[in-house]
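This report refers to the structure that appears directly beneath it.
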Amino acid sequence: MRITIAHNNNSETLKVVAHLKQALEKKTGYVFDAKYPDVVISVGGDGTLINAFHRYENQISSIRFIGIHTGHLGFYTDWHGAEIEKMVDALFLREPETVKYPLLEVELITEANERKRYLALNESAVKQISHTLEANVYIDDQLFENFRGDGLCVSTPTGSTGYNKSLGGAVIHPQLKALQMAEIASINNRVFRSLSSPIVIAPDQWITIVPKADKFVMTVDGNQINVCNAKKIIYRISNKVIRFDRFGHTHFWSRVQSAFIGDNDAPV
Ligand code: NAP
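Okay, so the sequence shown: first residue is 12 according to our numbering, each after it adds one.
Printed below as a string of structure tokens:
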């Protein structure tokens with residue numbers, strides 16, 4: 012087994028990484044390999060795991076992730092730093108059983124018909140920083156609406172608790188292979204009209220955004236791409252998935268409850 016550890020540099024994380032390395036030293040049958048790992052152990056927050064995902068996205072079909080959180084329970088991080096021995100034992104004792112989450116494929120097509128592909132774990136947004144973004148939105152190549160506003164955000168089910176949620180989007184269980192599109196500050200009056208509510212499309216459907224702007228910003232998991240002369244952006248569910256080791260996996264709605272609601276003393 013080839014293992015690598017991806018981590019941020021905060022002091023709590025570095026202590027957990029040192030502890031993890033000590034626990035791994037007691038085991039045999041693995042090597043550290045940061046170039047072609049089978050297992051990526053991410054120590055930090057969701058942001059740390061997102062960075063690790065992008066580092067290894069070209070090898071995504073042969074990699075499993077394990078997330079250790081060093082702050083609050085994250086959406087991609089199951090294990091707490093205090094559970095390192097248990098996590099390492101489970102890693103070496105069990106046959107890997109994984110859970111798979113859908114990813115978002117982003118295809119940017121330029122005026123010159125060049126195609127650039129990106130993969131998102133959380134979401135991709137199309138935005139205009141100043142002035143109103145005007146864009147036509149197509150679902151399965153049929154015109155759905157003429158959008159005017161700050162932008163549009165298309166998210167995966169696991170990304171639905173990130174930026175999407177702040178935009179008023181629904182939280183979607185990650186076993187559902189569905190994409191969600193949420194509006195960012197749309198203009199709605201008697202002249203301009205878009206749906207004004209988030210939509211969730213079926214697994215075999217796709218969304219095309221045709222911005223009526225020479226320049227705009229596209230984000231992929233928070234990373235900014237300045238786009239010039241784009242014809243359209245096509246969003247669909249990727250045929251690739253991200254895999255996490257199933258052991259120790261926290262129930263999705265428990266994560267949602269823990270992240271957004273907190274202690275609830277009311278009797279059941
Ligand atoms: P970042 O500083 O790395 O992350 C911003 C916050 O979003 C952090 O607290 C992060 O958790 C949390 N987060 C990331 N993915 C999440 C998910 N799937 N569900 C719930 N919370 C999540 O910001 P960034 O580098 O600009 O962007 C990374 C991601 O953060 C984006 O893909 C976006 O979804 C999210 N984000 C959200 C907002 C917003 O809600 N207004 C703004 C910016 C970014 P950790 O602390 O555990 O890393």
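Ideal Cβ positions, reconstructed from N, Cα and C, are used throughout, including at glycine.
For chain D, find out if any of its Cβ atoms is closer than 8 Å to the Cβ of Leu84; answer yes or no.
Note that chain D does not occur in the displayed structure, where there is just one protein chain.
Checklist entry - Does the Cβ-Cβ distance between Asn69 and Asp232 come in under 8 Å? => result One-based indexing of the sequence shown puts residue 69 at position 58. One-based indexing of the sequence shown puts residue 232 at position 221. No.
| said: Considering Cα atoms alone, identify which of Gln186, Met192 and His184 is closest to Leu178. | reply: Reading the sequence shown from its first residue, position 167 is the one you call residue 178. Comparing Cα-Cα distances from Leu178 to each of Gln186, Met192 and His184, the minimum goes to Met192.
Can you determine whether any heavy atom of the ligand NAP sits closer than 7 Å to the C-beta of Ser73, and answer yes or no? As a position in the sequence shown, residue 73 is number 62, starting the count at 1. It does not: the Cβ of Ser73 is nowhere closer than 7 Å to a heavy atom of the ligand NAP.
Review point. Name the DSSP bridge partner or partners of Thr230?
Key: To locate residue 230, count along the sequence shown from 1; it is residue 219. Answer is Ala136 and Gln235, bridged to Thr230.
Between Ile74, Asn20, Trp217 and Gln268, which has its C-alpha nearest Gly55's C-alpha?
Translated into positions along the sequence shown, residue 55 becomes position 44. Taking only the C-alpha atoms, the option nearest Gly55 is Asn20.
Quick one: does the C-beta of Gly173 sit closer than 7 Å to a heavy atom of the ligand NAP? As a first step, residue 173 must be located in the sequence shown, where it is residue number 162. Answer for Gly173: yes, Cβ within range of the ligand NAP.
CA-to-CA distance, His30 to Ala93, given in whole angstroms
Position 82 of the sequence shown holds residue 93. Position 19 of the sequence shown holds residue 30. C-alpha separation (whole angstroms): 9 Å.
>> Under 8 Å: do the region 56 to 76 and the region 237 to 256 share three or more Cβ pairs, one atom per stretch?
In response: yes
7 Å CB neighbourhood of Ile150 in its chain, flanking five on each side removed: Here residue 150 corresponds to residue number 139 of the sequence shown, with the count starting at 1. Contacts found: Ile212, Gln216 and Ile218.
Worksheet entry | Sequence-distant residues of its chain with Cβ nearer than 8 Å to Arg75 (five each side left out) | To locate residue 75, count along the sequence shown from 1; it is residue 64. Closer than 8 Å at the Cβ level, and outside the excluded window around Arg75, lie Asp49, Val50, Val51, Pro107, Thr109, Arg254, Phe255 and Asp256.
- Continuous alpha helix (DSSP H) assignments of at least 4 residues falling wholly in the region 107 to 174: none
Taking 7 Å as the cut-off, is the CB of Glu145 close to at least one heavy atom of the ligand NAP? The sequence position of residue 145 within the sequence shown is 134, counting from 1. No, since every heavy atom of the ligand NAP falls outside the 7 Å radius drawn around the Cβ of Glu145.
**Reference Thr167, options Tyr246, Ile140, Lys46 and Leu84, closest by Cα** = Within the sequence shown, the letter at position 156 stands for residue 167. Ranking Tyr246, Ile140, Lys46 and Leu84 by Cα distance to Thr167 puts Tyr246 first.
Checklist entry - Would Val238 pass as a contact of Leu119 if the rule is Cβ separation under 8 Å? => result Against the sequence shown, residue 238 aligns to sequence position 227. Against the sequence shown, residue 119 aligns to sequence position 108. Taking a C-beta distance under 8 Å as the contact criterion, Val238 and Leu119 qualify as a contact pair.
>> I need the boundaries of the alpha helix (DSSP H) containing Val27, first residue and last residue.
In response: Locating residue 27 in the sequence shown gives position 16, where the first residue counts as 1. Residues Ser22 to Glu36.
Coil, strand or helix - His65 by DSSP: For the purposes of this step, residue 65 is identified with residue 54 of the sequence shown, where counting begins at 1. His65: helix per DSSP, three-state reduction.
Using a Cβ-Cβ cutoff of less than 8 Å, which residues in the same chain neighbour His91 once the five nearest sequence positions on both sides are dropped? Within the sequence shown, numbered from 1, the residue matching residue 91 stands at position 80. Sequence-distant Cβ neighbours of His91 in its own chain, meaning closer than 8 Å and more than five residues away, are Ile79, His80 and Leu84.
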